[in-house]
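What follows is a set of notes on a single structure, which appears directly below.
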Amino acid sequence: MILSICATVFAVVILLNILLKSMKAISILTILNMVMLAAVSLVFYRNLKLQDSLNFCNNLIYIDSLNIIQLILISTISLVAALYSHKYIGEEIHNGSISINFAKIYYFLFNLFVLSMIAVAISNNIILMWISLEATTLSTAFLIGFNRHKLSLEAAWKYIIICSIGIVLGLIGIILFIYSSGDPSNKVLNWTYLVKNYSLLNKSIVKFGFCFIFVGIATKAGLAPMHTWLPDAHSEAPSPISAMMSGVLLNLALYVVLRFYIIVKLISGLEKMKYLFIVFGLISLIISAFSILNQKNYKRLLAFSSVENMGIITLGFGIGGPIALYGSMLHSIIHAYGKSLLFLISGNILSVYKTKRIDRVNNLIKTMPINSVLLICGILVITGIPPFPSFFSEYNILAASIKNGHYLVCGIYALCLLIVFAGFLKVFINMIFSDDKDFNTRSEKDKENIIPLIIIFFIIIILSFFSRYEIASLINKAVLIINSMQ
9 MILSICATVF
19 AVVILLNILL
29 KSMKAISILT
39 ILNMVMLAAV
49 SLVFYRNLKL
59 QDSLNFCNNL
69 IYIDSLNIIQ
79 LILISTISLV
89 AALYSHKYIG
99 EEIHNGSISI
109 NFAKIYYFLF
119 NLFVLSMIAV
129 AISNNIILMW
139 ISLEATTLST
149 AFLIGFNRHK
159 LSLEAAWKYI
169 IICSIGIVLG
179 LIGIILFIYS
189 SGDPSNKVLN
199 WTYLVKNYSL
209 LNKSIVKFGF
219 CFIFVGIATK
229 AGLAPMHTWL
239 PDAHSEAPSP
249 ISAMMSGVLL
259 NLALYVVLRF
269 YIIVKLISGL
279 EKMKYLFIVF
289 GLISLIISAF
299 SILNQKNYKR
309 LLAFSSVENM
319 GIITLGFGIG
329 GPIALYGSML
339 HSIIHAYGKS
349 LLFLISGNIL
359 SVYKTKRIDR
369 VNNLIKTMPI
379 NSVLLICGIL
389 VITGIPPFPS
399 FFSEYNILAA
409 SIKNGHYLVC
419 GIYALCLLIV
429 FAGFLKVFIN
439 MIFSDDKDFN
449 TRSEKDKENI
459 IPLIIIFFII
469 IILSFFSRYE
479 IASLINKAVL
489 IINSMQ
């Protein structure tokens with residue numbers, strides 16, 4: 009009943025985005041739509057405290073502690089992005105950068121993007137999951153090219169081509185999974201059926217299929233060396249879209265890989281598949297760490313930081329065990345909010361300084377003191393400084409790698425974390441504290457569009473200090489779903 013109402017509301021809002029002429033009405037409808045989504049996610053979360061999983065629509069939709077995390081991230085970050093978009097799009101229209109019709113397209117695609125991500129998260133049907141993941145590619149591609157500049161259009165095409173190739177590889181892997189069962193019935197399309205009947209799967213075909221799924225869908229997750237679309241896309245997309253892509257979409261793609269990995273872990277003789285996660289996690293860490301040191305564009309720097317953090321999460325999944333898995337799940341949550349905060353702040357900086365170049369942004373502490381304080385806090389969150397949860401998540405993965413005897417992995421991992429921290433420190437200390445004669449008075453825009461930033465920072469504070477038991481309980485249930493399948 010709840011899902012039917014939500015689907016109807018989404019359809020109505022998407023339709024009204026086309027029909028309504030008032031941008032204010034369209035924006036408010038989108039915000040209310042995201043509020044509804046957040047409320048429904050919390051209802052499902054409360055229900056999962058009483059039972060292990062929820063099934064709807066003849067087992068087409070499946071919700072457990074693993075994907076409720078994704079639902080909560082989608083709903084909260086999309087709500088904050090919608091709030092930010094209200095002022096952001098209004099200013100773009102006022103400046104003449106876009107027309108009202110183009111703004112309507114933005115909100116149409118925004119809602120379609122969110123709907124596609126929800127479908128990925130809650131689909132039990134693995135083909136529907138794949139279709140929904142491809143739908144996120146199509147909706148975000150137009151949003152990346154939103155500014156219609158040469159660079160943004162190039163980034164959009166690059167994103168479409170690379171991610172579509174990845175998605176096709178993922179589809180080949182999914183088809184191999186289905187074929188490996190030897191079951192001609194439609195039940196084999198359900199993830200829950202594959203988990204319960206893993207003994208039917210042909211080990212050799214599953215092994216081959218998972219390699220396709222990992223490489224293909226990990227492309228969408230921004231793992232190196234398939235990450236080449238990500239810096240351009242996140243740099244050129246509107247800041248609220250960058251926040252959603254980095255905070256939610258990358259996590260969601262990795263979630264899809266994890267769903268199939270759970271099945272792989274059940275099959276005896278496929279234990280070495282974990283090295284896919286370890287190798288690609290380390291490659292992502294190494295490439296992103298050294299790339300961060302050479303960036304001249306602060307949005308590209310944040311994009312490479314996303315590659316690094318996806319590498320951290322992937323590495324934890326590969327190391328395995330309760331400690332590392334807990335660390336990866338916790339890191340996926342705190343990175344989502346921390347990176348969303350930083351991308352939204354980057355949008356405010358861009359509105360004042362009119363540039364993405366690092367060397368042309370100085371004296372932020374005087375021109376944008378509120379944004380500067382939030383920027384400092386966001387940097388501390390992303391680089392894993394205590395007492396923020398990212399410190400404990402990174403430590404968990406480090407401790408687990410030592411415990412499991414992965415000493416070389418541990419050394420590379422620790423070195424990359426230090427390099428990234430040094431790179432962030434160098435760049436953002438200059439941006440915040442360096443003197444600039446042209447920018448030495450407080451900008452009136454410092455207080456504009458600040459409420460979404462405060463909301464997301466408030467969420468980070470709650471996660472860090474006031475709801476550790478709740479978060480730990482939820483993550484432990486998610487870890488059990490992964491680990492109990494061994």
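Residue numbering for the sequence shown follows our numbering, starting at 9 and increasing by one per position.
Heads up, the beta-carbon is just placed ideally off N, CA and C, and yes, glycines get one too.
Check	Outcome
K434 burial status per 10 Å Cβ neighbour count (16 or more: buried)	exposed
Burial state of N302, where buried means 16 or more other Cβ atoms lie within 10 Å	exposed
Close-in-space but distant-in-sequence residues of the same chain around N8 (CB under 7 angstroms, 5 per side omitted)	For residue 8 there is no data in the structure shown, the boundaries of the chain being 9 and 494.
Range covered by the alpha helix (DSSP H) that runs through N109	I108 to I130
Assigned exposure category for L58 - 16 Cβ within 10 Å defines buried	exposed
Among K228, L123, G319 and I384, the one whose alpha carbon lies nearest that of T38	L123
Spatial distance of I71 from S348 (CA atoms)	25 angstroms
For L488, the nearest candidate out of L293, S73, K453 and F474 (CA to CA)	S73
Burial state of L159 (16 or more Cβ within 10 Å)	exposed
Buried/exposed call for F441, threshold 16 Cβ in 10 Å	exposed
Minimum C-alpha distance to K166 - residue among L278, F288 and S243	S243
Stretch-stretch touch, CB-based, cutoff 8 angstroms, three pairs: the region 420-433 with the region 460-476	no
Three-state secondary structure (DSSP) of D60	coil
As assigned by DSSP and simplified to three states, the class of D191	coil
Under the three-state DSSP convention, the category I490 falls into	helix
Proximity of Y96 and G355 at Cβ, strictly below 8 angstroms	yes
C-alpha gap between S207 and G98, whole angstroms	56 angstroms
Outcome for E402 when other beta-carbon atoms lying within 10 angstroms are tallied against a minimum of 16	buried
First and last residue of the uninterrupted beta strand (DSSP E) at Y70	I69 to D72
Backbone CA spacing between T84 and A46 [nearest angstrom]	6 angstroms
Backbone secondary structure at R365 - three-state DSSP	strand
A480 classed as buried or exposed, judged by whether at least 16 other C-beta atoms fall within 10 angstroms	exposed
DSSP state of N55 mapped onto helix, strand, coil	helix
Reduced DSSP category for V21 - H, G, I as helix; E, B as strand; rest coil	helix
DSSP bridge partner residues for N133 (one or two, in chain order)	N198
Nonlocal neighbours in the same chain, by C-beta distance under 7 angstroms from S140, ignoring five residues either side	S124, A127, V128 and S131
Assigned secondary structure, I182 (DSSP; H/G/I helix, E/B strand, else coil)	helix
N-terminal and C-terminal residue of the alpha helix (DSSP H) that C385 is part of	P377 to I390
Buried/exposed call for R476, threshold 16 Cβ in 10 Å	exposed
Under the three-state DSSP convention, the category N305 falls into	strand
Reduced DSSP secondary structure (H/G/I, E/B, other) of S451	coil
Rounded C-alpha distance that separates I69 from W138	14 angstroms
Cβ shell of D191 (< 8 angstroms), same chain only, five flanking positions each side left out	N205 and L208
Residue range of the unbroken alpha helix (DSSP H) whose run includes I467	I459 to I469
8 angstroms Cβ shell around V17 - same chain, five flanking residues per side excluded	N41 and M44
Burial state of D240 (16 or more Cβ within 10 Å)	buried
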